[in-house]
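Numbering-wise (the UniProt record's numbering), the sequence shown opens with residue 1 and increments by one. What follows is a short report on a single structure.
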Amino acid sequence: MAVFQFSRRFSSLSSNPLRVCVVGSGPAGFYTAEKMLKAHQRAQVDIIDRLPTPFGLVRSGVAPDHPETKIVVNQFSRVAQNDRCSFFGNVSLGSSISLSELRELYHVVVLSYGAESDRALVVPGEDLAGIHSAREFVWWYNGHPDCKDLALDLKSTDTAVILGQGNVALDVARILLRPTMELATTDIASHALSALEESSIRKVYLIGRRGPVQAACTAKELREVLGIKDLYIHIQEADLLKTPADEEELKNSRIQRRVYELLSKAANSGCSHPRSGQRELHFIFFRKPDRFLDSDDRSGHVTSVRLEKTMLKESDGSGKQIAVGTGQFEDLECGMVLKSIGYKSVPVDGLPFDHRKGVVPNIRGRVVTDTSGDPTQLEEGLYVAGWLKRGPTGIIATNLYCAEETVATISEDLELGVLASTSSLPKPGREGLLQLLDSRNVRVLPFSAWEKINAEEKRLGSLRSKPREKLTTWDELLKVATQ
Ligand SMILES: Cc1cc2nc3c(=O)[nH]c(=O)nc-3n(C[C@H](O)[C@H](O)[C@H](O)COP(=O)(O)OP(=O)(O)OC[C@H]3O[C@@H](n4cnc5c(N)ncnc54)[C@H](O)[C@@H]3O)c2cc1C
Ligand SMILES: NC(=O)c1ccc[n+]([C@@H]2O[C@H](COP(=O)([O-])OP(=O)(O)OC[C@H]3O[C@@H](n4cnc5c(N)ncnc54)[C@H](OP(=O)(O)O)[C@@H]3O)[C@@H](O)[C@H]2O)c1
């Protein structure tokens with residue numbers, strides 16, 4: 001039945017459409033679909049996502065107290081509603097369908113499935129209870145169905161350590177420290193709000209292996225965390241001393257200058273000690289994690305992080321300074337650790353993958369079989385966009401330029417005839433995909449199913465003066481989607 005409806009909707013389109021499948025419905029996927037539809041009137045674009053919900057990290061990464069950032073989903077929804085575009089949720093590349101099957105079904109496959117794992121830290125004690133990746137913590141407060149039941153304990157400690165000083169680390173620190181009354185009117189998951197309301201965490205340490213000149217965050221996000229109501233901020237003034245190499249870095253980067261200025265200002269303003277009960281945020285620079293320590297009774301729960309002091313050294317002629325250990329150690333007591341040292345993409349079967357960089361080897365979005373840069377080694381009809389293409393950095397808008405580049409490459413290949421052998425022959429595309437998934441009993445959820453989830457979340461939210469109350473389990477999502 002579902003197959004019939006989908007087929008009829010498209011039967012009136014071009015008799016030999018260019019069948020395009022985009023895997024992943026985050027910013028990179030939607031921008032790619034939008035550009036493809038615009039550049040090629042013959043194109044029929046299907047976007048698949050493993051979740052019942054679209055929009056990737058705009059839904060499950062962007063912080064709940066940043067509603068303005070999420071407005072971009074209106075633009076993405078218009079793309080999904082285009083007559084030549086379809087969204088199919090609950091379809092996972094790798095388990096519902098393989099890459100080779102998708103490539104058989106479509107002329108062009110664009111992989112934009114993001115980075116759903118974590119950069120490895122690899123220090124002893126990492127598997128102790130109380131240690132999580134920031135990715136999991138973010139998924140937890142944003143109601144991602146894979147992390148609703150994350151074993152988080154915010155009630156047994158007053159101290160959390162966050163490793164890393166990028167924007168994700170700042171988001172996570174802000175969520176832990178911001179008054180919960182201010183979060184209550186956001187779209188934060190209700191289980192997270194309740195846990196934060198009962199949280200005993202008062203002190204948060206943000207640990208950077210390099211100095212304030214190299215902090216990976218940006219000024220707007222730093223200003224926001226520094227501006228949290230009634231928060232004691234601590235930064236060691238000695239850490240703000242600059243070397244000639246630091247001065248050189250600052251000269252070359254406006255972002256770094258603004259971040260450094262904000263940190264200097266914060267170090268020199270405010271009280272020298274926290275008031276009793278006041279929440280605290282400590283910026284710790286020039287320290288790298290060496291190991292995590294268990295309690296004396298070996299309860300299996302983290303009780304402190306051993307940090308090694310670092311110094312900076314120029315790595316090569318690039319001017320980039322890297323942190324090297326000094327052999328001096330100190331322990332920082334804490335009951336929770338969030339590793340915020342970056343995300344990492346994971347390969348699927350049959351996909352060339354550069355394990356060192358954590359990306360798919362590509363030339364301007366065109367997937368190549370190895371990293372040698374030999375353009376003849378291309379994987380015909382296979383492209384990549386977003387974090388899977390560039391690595392896990394960049395804001396939403398970065399993916400617009402990234403998608404533009406990939407679509408320009410696809411257009412170039414079509415014009416040069418690189419895809420001629422496949423694009424002139426009809427491919428089963430959407431109908432073939434739906435038949436295959438149907439035969440495997442995969443419950444495909446079209447965009448209209450997401451619209452049902454969206455309406456229900458907004459209805460539940462309105463009862464609590466929130467923009468939405470997210471459905472946070474697979475069961476709830478599937479139930480509402482298929483009603
Ligand atoms: C915590 C956090 C907060 C952020 N906040 C901001 C912000 O405030 N402002 C800003 O501009 N940028 C922000 N960013 C950056 C921005 O979110 C990213 O640049 C952007 O989302 C990357 O887009 P993407 O499409 O490559 O990946 P994603 O957004 O991760 O999308 C990938 C999609 O692929 C799907 N998928 C994964 N595996 C499969 C599979 N096997 N099969 C099918 N589908 C699959 C996922 O479900 C997901 O929908 C933030 C990033 C993080 C991590
Ligand atoms: N509001 C926003 O616009 C927003 C919000 C969230 C995220 N984002 C974007 O999303 C992207 C990802 O953010 P992110 O914070 O995950 O990554 P990031 O910006 O790359 O920051 C990673 C942090 O981890 C540190 N680190 C890496 N490896 C480490 C190790 N082995 N030991 C100790 N520290 C280590 C890095 O230090 P070094 O610098 O020394 O490597 C850096 O401080 C960024 O581009 C970010 O701007 C944007």
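Glycine is no exception: its CB is placed at the ideal position from the N, C-alpha and C atoms.
Buried or exposed (CB count within 10 angstroms, at least 16 for buried), residue i
{"i": "residue 569", "result": "The shown model of the chain, from 1 to 483, leaves out residue 569, and the question about it has no answer."}
{"i": "F292", "result": "buried"}
{"i": "H132", "result": "buried"}
{"i": "L425", "result": "exposed"}
{"i": "A238", "result": "exposed"}
{"i": "D127", "result": "exposed"}
{"i": "D475", "result": "exposed"}
{"i": "I363", "result": "exposed"}
{"i": "K38", "result": "exposed"}
{"i": "A169", "result": "buried"}
{"i": "residue 494", "result": "What the structure shows of the chain is the stretch from 1 to 483, and residue 494 is not part of that stretch, so it cannot be assessed."}
{"i": "E412", "result": "exposed"}
{"i": "R287", "result": "buried"}
{"i": "V122", "result": "exposed"}
{"i": "H66", "result": "exposed"}
{"i": "E221", "result": "buried"}
{"i": "Q44", "result": "buried"}
{"i": "N441", "result": "exposed"}
{"i": "N142", "result": "buried"}
{"i": "P361", "result": "buried"}
{"i": "H144", "result": "buried"}
{"i": "P124", "result": "exposed"}
Residue i - containing beta strand (DSSP E), residue span
{"i": "H132", "result": "131-133"}
{"i": "E237", "result": "Note, E237: premise wrong, no beta strand (DSSP E); not H, not E."}
{"i": "F283", "result": "279-284"}
{"i": "F76", "result": "Unbroken run through F76 is the alpha helix (DSSP H), 72-80; no beta strand (DSSP E)."}
{"i": "T159", "result": "159-163"}
{"i": "K220", "result": "K220 -> not in any beta strand (DSSP E); alpha helix (DSSP H) instead, spanning 219-226."}
{"i": "K203", "result": "203-207"}
{"i": "D475", "result": "Run containing D475: none in the beta strand (DSSP E); it sits in the alpha helix (DSSP H), 474-481."}
{"i": "L290", "result": "Checking the displayed sequence, the identity of residue 290 turns out to be Asp instead of Leu. Run containing D290: 287-294, per the beta strand (DSSP E) assignment."}
{"i": "V444", "result": "Premise fails: V444 is in no beta strand (DSSP E) and is neither H nor E."}
{"i": "residue 545", "result": "There is no way to answer for residue 545, as the model of the chain reaches only from 1 to 483."}
{"i": "V109", "result": "108-111"}
CB-CB length for residue i against residue j, believed under 8 Å
{"i": "V138", "j": "L177", "result": "With 8 Å as the limit, V138 and L177 do not qualify as a contact, their Cβ atoms being about 15 Å apart."}
{"i": "L312", "j": "R464", "result": "That pair is no contact at about 48 Å."}
{"i": "G164", "j": "A449", "result": "Their Cβ separation, rounded to whole angstroms, is 36 Å, which puts G164 and A449 out of contact at 8 Å."}
{"i": "D46", "j": "C21", "result": "5 Å"}
{"i": "E34", "j": "V79", "result": "5 Å"}
{"i": "F285", "j": "G208", "result": "5 Å"}
{"i": "V367", "j": "V384", "result": "6 Å"}
{"i": "V302", "j": "A129", "result": "7 Å"}
DSSP bridge partner residues for residue i (one or two, in chain order)
{"i": "D46", "result": "C21, S86"}
{"i": "Q321", "result": "E314"}
{"i": "N268", "result": "The partner list for N268 (beta bridge, DSSP) is empty, contrary to what the question assumes."}
{"i": "N362", "result": "V367"}
{"i": "I97", "result": "L93"}
{"i": "M336", "result": "A160"}
{"i": "F329", "result": "E308"}
{"i": "S439", "result": "Answer is none; S439 lacks a bridge partner."}
{"i": "S117", "result": "K344"}
{"i": "D354", "result": "V359"}
For residue i, the first and last residue of its enclosing alpha helix (DSSP H)
{"i": "T32", "result": "27-39"}
{"i": "Y383", "result": "Per DSSP, Y383 belongs to no alpha helix (DSSP H); it is in the beta strand (DSSP E), 378-384."}
{"i": "D246", "result": "244-252"}
{"i": "F447", "result": "447-462"}
{"i": "L388", "result": "387-390"}
{"i": "L154", "result": "Counting along the chain, L154 falls outside any alpha helix (DSSP H), and DSSP gives it neither H nor E."}
{"i": "H301", "result": "Premise fails: H301 is in no alpha helix (DSSP H) and is neither H nor E."}
{"i": "L196", "result": "190-197"}
{"i": "D413", "result": "398-416"}
{"i": "T186", "result": "Taken as a continuous stretch (DSSP letters only), T186 belongs to no alpha helix (DSSP H), as it is neither H nor E."}
{"i": "S200", "result": "Element bounds for S200: n/a, residue is neither H nor E."}
{"i": "L57", "result": "57-60"}
The stretch 24-38 in contact with the stretch 398-413 per 3-pair CB rule at 8 Å: With the rule of 3 Cβ pairs closer than 8 Å, the stretch 24-38 counts as touching the stretch 398-413.
Three or more C-beta pairs below 8 Å linking the stretch 267-278 and the stretch 189-199: Touching, no.
contact_flag[the stretch 320-336, the stretch 78-86] where n(CB pairs < 8 Å) is 3 or more: The stretch 320-336 vs the stretch 78-86: no contact.
At least 3 beta-carbon pairs within less than 8 Å: the stretch 99-117 vs the stretch 377-391: Judged by Cβ distances under 8 Å, the stretch 99-117 makes contact with the stretch 377-391, as three or more pairs qualify.
Three or more C-beta pairs below 8 Å linking the stretch 93-107 and the stretch 429-444: As far as the Cβ criterion goes, the stretch 93-107 touches the stretch 429-444, which means the pair count is three or higher.
contact_flag[the stretch 458-472, the stretch 180-189] where n(CB pairs < 8 Å) is 3 or more: Per the Cβ contact rule, the stretch 458-472 is in contact with the stretch 180-189 (3 or more Cβ pairs under 8 Å).
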